[in-house]
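Undergrad:
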Amino acid sequence: MKRGKELFASDITWKEITPGGVIPDAGNAEHFHTGDWRSMKPIWLKEKCKQCLLCYPVCPDTSILIDKDGKRVDFDYNHCKGCGICVKVCPFKAIDFVEEV
Amino acid sequence: MGIRERLSGNEATAYAMKQINPDVVAAFPITPSTEVPQYFSTYVANGEVDTEFVAVESEHSAMSACIGAAAAGARAMTATSANGLALMWELLYIASGSRLPIVMACINRALSAPINIHNDHSDSMGARDAGWIQLYSENCQEAYDNMLMAHRIGEHPDVMLPVMVCQDGFITSHAIENIELVETEKVRAFVGEYKPQYYLLNKQNPVSMGPLDHFTHYFEHKRQQAEAMKNAKRVILEVAEEFYKLTGRRYGLFEEYKTEDADVCIVVLNSTAGTAKYVADKMRQEGKKVAVIKPRVFRPFPVDEIAQALSKFKAIAVMDKADSFNAAGGPLFTEVTSAMYAKGVFGPKVINYIYGLGGRDVRADDIEFIFNKLINIAETGKVDSVYNYIGVRE
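Below, the structure is given as structure tokens:
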């Protein structure tokens with residue numbers, strides 16, 4: 088029986104799919120790339136970033152992640168939907184907002 | 002072996018439920034099924050079962066609660082009729098699409114409008130595409146026996162589909178008959194425990210149920226459901242074979258009554274089949290070779306077997322206690338003729354009689370009339386009318 092992101096594969100056959108669409112994993116929203124829906128894209132300007140972390144809590148998609156040292160890293164573009172809240176919130180203009188190509 | 006009792010169809014159904022001792026019963030009353038949860042709730046109140054009885058506010062809620070319970074991993078049952086079944090309509094599809102083996106007693110009653118509390122098959126026939134297994138019962142014994150077999154069919158891992166056991170409202174549900182019950186320990190051993198592979202209250206393998214499917218996945222889920230319904234036929238026969246060993250009572254996909262040497266046959270469901278068999282006996286004494294076929298399993302529809310069984314007759318009348326209002330013929334007629342045509346059985350002439358709607362009495366005379374019509378068709382090869390009503394005042 089398929090599990091995890093194999094269940095989302097667009098070529099999964101009727102024999103492999105779970106009965107009644109049962110989802111046999113927890114926390115599998117991660118496998119669905121909502122980032123594909125983006126039309127605008129934030130760009131992290133690392134040199135300007137002061138690591139104030141004001142952007143991190145406002146991201147509705149948890150697409151600004153923190154490393155083990157408590158510093159933000161680049162965007163999770165698989166899940167960033169390009170809402171631009173982080174762009175608005177950044178006091179140092181360290182996030183650019185461009186059209187998704 | 003067995004316990005001799007005298008019970009009505011509703012009493013026998015409630016008694017079967019008591020013996021099965023399901024985890025949850027969620028039900029709402031409607032004539033003539035009310036007595037099923039009513040008698041069952043007495044067993045609950047007296048502590049004779051371990052069931053959680055949920056008195057819900059509507060049949061829609063009854064089926065919702067059963068779905069929730071079954072999804073959690075519980076064995077869930079309910080009972081209803083007519084507009085109660087109709088109110089559950091969206092949930093019937095959800096139960097089957099979610100592959101939850103809920104068992105329901107459908108005490109057949111006419112759908113409104115106009116309001117009618119008496120027996121016909123419009124309720125369960127209206128639900129025939131909902132993906133439920135449908136078993137039809139001629140009398141109290143069959144209603145009881147089908148109820149005992151239902152879980153073994155629906156819960157089988159190759160099936161995992163909900164099952165409705167149908168019986169005629171008032172005619173069977175309220176008629177007291179001599180029946181033979183199975184001892185409770187034997188029932189429990191036969192029905193066994195519900196062991197779902199996926200259930201919500203599973204800490205080791207937590208799952209989510211009821212997802213959204215896009216056009217990328219819905220079709221594969223439905224194909225899987227279709228395969229389950231195909232498998233159900235085999236499982237129904239296997240369970241019947243085990244039931245025969247347990248009780249000595251034989252059940253198949255349909256009953257063939259005096260079909261070996263007959264030229265003409267009536268196909269009819271539920272209690273009217275009893276009257277038809279009585280009429281067949283009477284006419285046989287007059288030397289007329291008539292037969293009756295009484296389907297037990299309507300979903301899945303036993304296409305191969307029905308077509309094979311009907312192929313030998315010259316003329317067949319399908320009696321329908323429901324109309325599809327398709328200006329062509331009732332549901333059983335449509336299923337039977339479609340099966341015959343699909344299997345290349347072109348020989349027999351088949352006609353349809355809509356009868357008994359809203360509980361209109363169907364008499365031995367009516368059935369005799371139909372048999373004589375069939376004998377005439379067999380002799381002349383001529384059919385004057387395919388889609389007919391019998392018993393209505395012209």
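The listed protein sequences derive, respectively, from chains D and P. Here the numbering used here is used: the first residue of the first sequence is 88, the next is one more, and so on. Here the numbering used here is used: the first residue of the second sequence is 2, the next is one more, and so on. Each residue gets a CB set at the ideal place from its N, CA and C atoms; glycine is no exception.
Between the stretch 286–302 of chain P and the stretch 263–272 of chain P, can you find at least three pairs of beta-carbon atoms closer than 8 Å?
TA: yes
Undergrad: Under the DSSP definition of a beta bridge, which residues are partnered with P129/D?
TA: F184/D
Undergrad: I need the straight-line Cα distance from H122/P to E49/P, nearest angstrom please.
TA: Looking at the two C-alpha atoms, the distance is approximately 33 Å.
Undergrad: State the Cα-Cα distance for the pair G211/P and V26/P, rounded to the nearest angstrom.
TA: 21 Å
Undergrad: So, with DSSP's three-state summary, where would you put F41/P?
TA: Residue state, collapsed to three classes: helix.
Undergrad: Can you look up F372/P in the DSSP assignment and give me helix, strand or coil?
TA: F372/P: helix per DSSP, three-state reduction.
Undergrad: Would you verify that the beta carbon of H218/P is, or is not, closer than 8 Å to some beta carbon of chain D?
TA: Yes, H218/P lies at the interface with chain D (some Cβ there is under 8 Å from its Cβ).
Undergrad: From the DSSP output, in three-state form, read off I134/P for me.
TA: strand
Undergrad: Among the residues of its own chain, which have a CB less than 6 Å from the CB of A340/P, if the five just before and after it don't count?
TA: If you ignore the 5 residues before and after A340/P, its C-beta comes within less than 6 Å of the C-beta of V304, I307, A308, all in its own chain and listed in chain order.
Undergrad: Residues in its own chain within less than 6 Å of S138/P by CB, not counting five upstream and five downstream?
TA: The residues are A144, N147, Q168.
Undergrad: What's the gap between the Cα of A128/P and the Cα of D161/D?
TA: Approximately 54 Å, taken between the alpha carbons.
Undergrad: Taking the C-alpha atoms as reference points, what is the distance between M89/P and T81/P?
TA: If you take the alpha carbons of M89/P and T81/P, they lie about 9 Å apart.
Undergrad: Just to make sure I have the definition right: I need the residues of chain P whose C-beta is within less than 9 Å of the C-beta of S194/D. Which are they?
TA: As shown, chain D starts at 88 and ends at 188. That puts residue 194/D outside it, with no answer to give.
Undergrad: Starting from C167/P, follow its DSSP beta bridges and name the residues at the other end.
TA: C107/P, Y137/P
Undergrad: Mind checking F179/D: buried by the 16 CB within 10 Å criterion, or exposed?
TA: exposed
Undergrad: Alpha carbon to alpha carbon, how far is Y199/P from V109/D?
TA: Each residue's Cα considered, the two are about 8 Å apart.
Undergrad: Any C-beta of chain P within less than 9 Å: which residues of the stretch 106–131 of chain D qualify?
TA: P106, G107, G108, V109, I110, P111, D112, A113, N115
Undergrad: Who pairs with V384/P in a beta bridge, going by DSSP?
TA: Paired residue(s): none; V384/P is not in a bridge.
Undergrad: Taking N206/P as the query, report the chain D residues whose CB atoms sit under 8 Å from its CB, ordered along the chain.
TA: P111
Undergrad: Given I118/P, which residues of its chain have a CB within under 7 Å of its CB, disregarding the five upstream and five downstream residues?
TA: T32, P33, R110
Undergrad: Suppose you measure from the CA of E187/D to the CA of R125/D; what does that come to, to the nearest Å?
TA: 7 Å
Undergrad: Determine, for D214/P, whether the minimum Cβ-Cβ distance to residues of chain D falls below 8 Å.
TA: yes
Undergrad: Hey, out of C67/P, E239/P, Q286/P, R7/P, whose CA is closest to D159/P's CA?
TA: Minimum Cα distance to D159/P is reached at E239/P.
Undergrad: Helix, strand or coil: which one does DSSP assign to I4/P?
TA: strand
Undergrad: For D321/P versus N271/P, is the C-beta distance shorter than 8 Å?
TA: no
Undergrad: Determine, using beta carbons only, whether G330/P comes closer than 8 Å to chain D.
TA: no
Undergrad: Checking contacts by CB at 8 Å: is E221/P closer than that to chain D?
TA: yes
Undergrad: Starting from the N-terminal side, write out each stretch of the alpha helix (DSSP H) that is 4 residues or longer and does not extend beyond the stretch 14–90 of chain P.
TA: 36–46, 60–73, 83–88
Undergrad: In the DSSP output, what is E178/P paired with across the bridge?
TA: L8/P
Undergrad: On a Cα-Cα basis, can you pick out the residue from K187/P, F220/P, N179/P, V337/P that is closest to L247/P?
TA: Nearest option by C-alpha distance: K187/P.
Undergrad: Rounded to whole angstroms, what is the Cα-Cα separation between F54/P and E256/P?
TA: It is roughly 36 Å from the alpha-carbon of F54/P to the alpha-carbon of E256/P.
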